[in-house]
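Notes to accompany the following structure.
Numbering (my numbering), first residue to last: 1 to 398.
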């Protein structure tokens, strides 16, 4: 059984490796999150917002042209149709309700692709709380539409200018802020990373994805379990949500798709499952890209949301134990998949999601298999990147 223990470990991965200044905050969360989430009033409010504000349930769409091309039944879980355009809103709605019950008045967050930042700014506006989003300076430039959305929603976007100026560095800055403002601040972590209880808490909020998949697939295909679920993984929240209710269903293959950048061994990659070793990053023990003496290796991906040197401890455990299989996709493979989906199904995916679609060319399957791809976000934010490569891919016949 795939489960987290009382110390916050999935097998050998997880835990809470935190500075003393954050102990009270983490302990407050650890002691209260499950009790709060199980309160009937909390559950009612959470579910009502998911339905009436976020727009859930999201459709489970049988992609007929894609299915014909690949020779299998391919369904798309349309998280891109959520309010704000991605799965991230599921978690931020839950965490803002939790922060309210804990009496927090100031919210901080980190973001890479900007979708988590937008989702956090959205729920802060909804709740009337101060919002500060840390974002790498490189990501601020390449995800300008989402930066504009955050500011429109009233958030302050603070650039991280250290290191590679991407997601890892934004997370570092958010943690520093929390250390300096521990009493009134709640940190809405956007993925299944960080110290316990964050990986478990975020996975539980995102599990609405797999909860819906089960009953939707039952209604459409006559069975609850697909054969394969494919999702992209940076930290891994959309994958955790898509996998959650199938973790103990051994007949369901789980495929976690990472960013190989310019090539797994090019030195410009974020393929943690291949290149990573056991270590500690941002408060948990997991797999991460590091030098022999423990220094973080800077990751790279064309996709800001996958540009992270580690993965969440749940995914590290799933991959290490063989419960999940990992696929690594290059920038060019992801771009090609994004163009292909756009023209086959009329859906422009986020670059993160495009990595998951590219994996369809790399995994094995049977003609009668049901494959679900978690379409975690829409591609509006990445149009500039797509267009920058448009002529090259046009000449290649895509």
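Yeah, the Cβ is synthetic: ideal placement off N, Cα and C, and Gly gets one too.
Apart from sequence neighbours up to five positions away, the residues of its chain that approach residue 171 with a beta-carbon distance below 6 Å are 110, 282, ordered along the chain. Apart from the 5 residues on each side of it in sequence, residue 139 sits with its Cβ closer than 6 Å to the Cβ of 112, 166, 304 in its chain, given in chain order.
Less than 8 Å divides the Cβ of residue 10 from the Cβ of residue 314. CA-CA distance, residue 35 to residue 392, rounds to 53 Å. In the DSSP assignment, residue 130 falls within the unbroken beta strand (DSSP E) covering 130-136.
Per the coordinates, the alpha-carbon of residue 351 lies some 28 Å from the alpha-carbon of residue 126. Take residue 235, set aside five residues on each side of it, and the residues of its chain with a beta-carbon closer than 7 Å to its own are 191, 192, 193, 308, 311, 312, in chain order.
The Cβ neighbour count for residue 264, taken over all protein chains shown within 10 Å, is at least 16; the residue is labelled buried.
In the three-state scheme derived from DSSP, where H, G and I count as helix and E and B as strand, residue 373 is classed as strand. In the DSSP assignment, residue 78 forms a beta bridge with 375.
Annotation: the continuous alpha helix (DSSP H) that includes residue 275 extends over 272-275. When rounded, the separation of the alpha-carbon atoms in residue 345 and residue 74 is 12 Å. Taking a cut-off of 8 Å for Cβ pairs, the segment 382-392 and the segment 60-80 do not touch, as fewer than three such pairs fall below it. When secondary structure is reduced to three states using DSSP, residue 349 falls in the strand class. Per DSSP, the beta bridge partners of residue 232 are 257. Around the Cβ of residue 19, a 10 Å sphere holds fewer than 16 other Cβ atoms; the residue is exposed.
DSSP, read as helix, strand or coil, puts residue 305 in helix. Around the beta carbon of residue 150, 16 or more other beta carbons lie within 10 angstroms, which makes this residue buried. In this structure, residue 186 and residue 107 form a Cβ contact; the two beta carbons are roughly 6 Å apart against a cut-off of 8 Å.
The closest CA to that of residue 89, considering only 229, 370, 124, is found on 124. For the pair residue 155 and residue 132, the CB atoms are nearer than the 8 Å cut-off. Looking from the CA of residue 23, the closest CA among 180, 209, 328 belongs to 180.
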